[in-house]
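To convert, take the position in the sequence shown, counting from 1, and add 6; that gives this note's numbering. Ideal Cβ positions, reconstructed from N, Cα and C, are used throughout, including at glycine.
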Amino acid sequence: MATSPIPTNLIFGTLGVGKTTTIQHLLKQKPDDERWAVLVNEFGEVGIDGSLLAEQGAHIREVPGGCMCCVAGLPMQIGLNRLIHEAQPDRLLIEPTGLGHPHQILQILGNEHYQDVLRLGPVITLVDPRKLDDPRFQDHELFQAQVQAADILVANKTDQCTHQQLNSFERWAADQLPAKRQYLSTRQGQLQPHWLEGRHGDALLPPPSPHHHGHSHHNHHEPEPLASLQVQPWQVRHNQGQGYFSVGWYIAPEIQFRETELLAWLRQARVERCKGLLHTSGGWCSINMADGALSVARLEQSKASRLELITHQQLDAEALDKALRALSVPN
7 MATSPIPTNL IFGTLGVGKT TTIQHLLKQK PDDERWAVLV NEFGEVGIDG
57 SLLAEQGAHI REVPGGCMCC VAGLPMQIGL NRLIHEAQPD RLLIEPTGLG
107 HPHQILQILG NEHYQDVLRL GPVITLVDPR KLDDPRFQDH ELFQAQVQAA
157 DILVANKTDQ CTHQQLNSFE RWAADQLPAK RQYLSTRQGQ LQPHWLEGRH
207 GDALLPPPSP HHHGHSHHNH HEPEPLASLQ VQPWQVRHNQ GQGYFSVGWY
257 IAPEIQFRET ELLAWLRQAR VERCKGLLHT SGGWCSINMA DGALSVARLE
307 QSKASRLELI THQQLDAEAL DKALRALSVP N
């Protein structure tokens, strides 16, 4: 392991703001002579973000199943310790779930165990300027905490914003207390690597407070290996917490889906967030849906199909599973 502390950056943002796309873009710009690692936390149970990021050649460790700081921070610390030991990285990126509470995560990273191991750089919080007009978004305690913890605020998805929305973001960002080091704009998660340089400002971090956010997680585990999928080719998992519900699937790679019908079904799904890596009749693809907009990108292959639906409403997992099965191609 390197003797000098590892430069470490947190990338915060609410569900669907583009954290994974942002980290993918950063990994593409990684210096060839450096080893980067990513600690990924997802609210769902099937590890889609980690699978996408692994394609960029980074060392990945996943903490699925909700906020990584729950259960006294043990899921995060275990995953982080293993990642540091196995990867011995030159840089570490941490992507908490959009439902993750930043103050507790920063408290864990700042404890004495990591003081000589990590050097915490600027905390970056991604913001969708289109949502700043909604008081329910601005007034949400979790969003406020992510903004308060940030050194740098980044307006993402600017190609989908009006000039008025971008101007509103700049005025809003300039008014934030504590004052931010920078507030920047980008599209499609195109962060510049030099934005990661520097140190996290101690003055930005308020005294730790008790973390009560109503999670109801029934497990904290890593995704099951491919060997288990060979025994159980179709697995369904659930999670809930902080007013959100998720249903996720692990599906053996040989099972295919009728692509046109699958995409039509997902577009009609009444969910806040949809992510997937799926083997379809058109080949392997990644699926991403936020704010009702669905995008599809081609992949060479994946070890298994994975799909995650997240929403504020209780999901009828049995009905959803039946509908998804009906979209598979008969053997």
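Q. Whose C-beta lies closer than 8 Å to the C-beta of H318 among residues of the same chain, with five residues either side of it excluded?
A. Numbered from its first residue, the sequence shown carries residue 318 at position 312. Once the five neighbours on either side are set aside, the close Cβ partners of H318 are G249, Y250, F251, E278.
Q.
For a quick check, are the C-beta atoms of P128 and L32 less than 8 Å apart?
A. As a working note, residue 128 is residue 122 in the sequence shown. As a working note, residue 32 is residue 26 in the sequence shown. Result no, Cβ atoms of P128 and L32 do not sit closer than 8 Å.
Q) With a CB to CB cut of under 8 Å and the five nearest residues on each side skipped, what residues in its chain are close to R276? A) On the sequence shown, position 270 is the one that residue 276 refers to. Answer for R276: T317, Q319, listed in chain order.
Q) Does the Cβ of Q121 have 16 or more other Cβ atoms within 10 Å, making it buried, or fewer, making it exposed? A) Here residue 121 refers to the residue found at position 115 of the sequence shown. Of the other Cβ atoms in all chains shown, fewer than 16 fall within 10 Å of the Cβ of Q121; this residue is therefore exposed.
Q: Taking only the alpha-carbon atoms, compute the straight-line gap between T20 and T103 and give it to the nearest angstrom.
A: In the sequence shown, counting from the first residue as 1, residue 20 sits at position 14. In the sequence shown, counting from the first residue as 1, residue 103 sits at position 97. Cα to Cα, the separation comes out at about 8 Å.
Q) Can you tell me the Cα-Cα spacing of T168 and R193, whole angstroms? A) In the sequence shown, the residue the question calls residue 168 occupies position 162. In the sequence shown, the residue the question calls residue 193 occupies position 187. So the alpha carbons of these two residues sit roughly 13 Å apart.
Q.
Let me check you understand the geometry: is the CB of N15 closer than 7 Å to at least one non-hydrogen atom of the ligand COA?
A. Questions concerning the ligand COA fall outside what the structure shown contains, since it holds no ligand whatsoever.
Q.
Which residue marks the beginning of the alpha helix (DSSP H) containing P141, and which one marks its end?
A. Translated into the one-based positions of the sequence shown, residue 141 becomes position 135. Run containing P141: 141 to 144, per the alpha helix (DSSP H) assignment.
Q) When DSSP labels each residue in this structure, what does H221 get in the three-state scheme? A) Stepping through the sequence shown from its first residue, residue 221 is reached at position 215. Caution is warranted here: a pLDDT of 42 is assigned to H221, below 50, making its placement in the model unreliable, and the coordinate value is therefore given only provisionally. It is a strand residue.
Q: With DSSP as the reference, label H206 as helix, strand or coil.
A: For this step, residue 206 is matched to residue 200 along the sequence shown. Looking at H206 - three-state DSSP - the assignment turns out to be coil, as it is neither helix nor strand.
(Q) Per the DSSP calculation, S10 is bridged to which residue(s)? (A) Taking the sequence shown and counting its residues from 1, one reaches residue 10 at position 4. DSSP output for S10 lists no bridge partner at all.
Q. Distance, Cα to Cα, P199 vs L126?
A. Working through the sequence shown from its first residue, we reach residue 199 at position 193. Working through the sequence shown from its first residue, we reach residue 126 at position 120. Each residue's alpha carbon lies about 15 Å from the other.
Q: Select from I66, P95, V46, L45 the residue whose C-alpha is nearest the C-alpha of D39.
A: The residue labelled residue 39 in the question sits at position 33 within the sequence shown. For D39, the nearest C-alpha among the options comes from P95.
Q.
Buried or exposed, going by whether 16 or more other CB atoms sit within 10 Å of the CB of E314?
A. Stepping through the sequence shown from its first residue, residue 314 is reached at position 308. By the neighbour-count rule (16 or more Cβ atoms within 10 Å), E314 is buried.
Q | For F149 and P135, the rounded distance between their alpha carbons | A | Working through the sequence shown from its first residue, we reach residue 135 at position 129. Working through the sequence shown from its first residue, we reach residue 149 at position 143. Distance between the alpha carbons of P135 and F149 is about 13 Å.
Q) With C-beta atoms as the reference, is L112 less than 8 Å away from L45? A) By one-based count along the sequence shown, residue 112 stands at place 106. By one-based count along the sequence shown, residue 45 stands at place 39. It is not a contact, given that the beta carbons lie outside the stated cut-off.
Q: Would you list the residues sitting across from H107 in a DSSP beta bridge?
A: Sequence index remark: in the sequence shown, residue 107 carries index 101 (1-based). H107 pairs with nothing; no bridge assigned.
Q: Reducing DSSP to helix, strand and coil, say where L313 ends up.
A: Numbered from 1 along the sequence shown, position 307 holds the residue referred to as residue 313. Residue state, collapsed to three classes: strand.
Q) Around the Cβ of H206, are there at least 16 other Cβ atoms within 10 angstroms (buried) or fewer (exposed)? A) For the purposes of this step, residue 206 is taken as residue 200 along the sequence shown, with counting starting at 1. Buried, by the Cβ-count rule.
Q: Quick one: using the 10 Å Cβ neighbour count with 16 as the cut-off for buried, is G22 buried or exposed?
A: Looking up residue 22 in the sequence shown gives position 16. G22 comes out buried.
Q) What did DSSP end up calling Q274 once you bin it into helix, strand or coil? A) Translated into the one-based positions of the sequence shown, residue 274 becomes position 268. Here Q274 sits in helix by DSSP.
Q | Residue from Q166, N162, Q241 with nearest C-alpha to A323 | A | Position 317 of the sequence shown, counting from 1, holds the residue named residue 323. Considering only alpha carbons, the answer is Q241.
Q: State buried or exposed for V335, treating a residue as buried only when at least 16 other CB atoms are found within 10 Å of its CB.
A: Taking the first residue of the sequence shown as position 1, residue 335 is located at position 329. The residue is exposed, with fewer than 16 neighbouring Cβ atoms inside 10 Å.
Q. Who are the near neighbours of S174 in its chain, counting only those whose CB is closer than 7 Å to its CB and skipping five residues on each side?
A. Stepping through the sequence shown from its first residue, residue 174 is reached at position 168. Excluding residues within five positions, the ones whose Cβ falls inside 7 Å are P135, L138.
Q) Hey, quick one: how far does the beta strand (DSSP E) through K281 stretch, first residue to last? A) Taking the sequence shown and counting its residues from 1, one reaches residue 281 at position 275. It spans 279 to 286 - the beta strand (DSSP E) in which K281 sits, taken as one unbroken run.
Q) So what's Q1 in DSSP terms, helix, strand or just coil? A) The chain is shown only over 7 to 337; residue 1 falls outside these bounds and no answer can be derived.
**Q.** Extent of the continuous beta strand (DSSP E) run through I261
**A.** The count along the sequence shown starts at 1 and reaches residue 261 at position 255. That residue, I261, is in no beta strand (DSSP E); it is neither H nor E in DSSP.
Q: Give the single residue among Q274, I130, A64, H65 whose Cα lies nearest to the Cα of V153.
A: The count along the sequence shown starts at 1 and reaches residue 153 at position 147. Closest by alpha carbon: I130.
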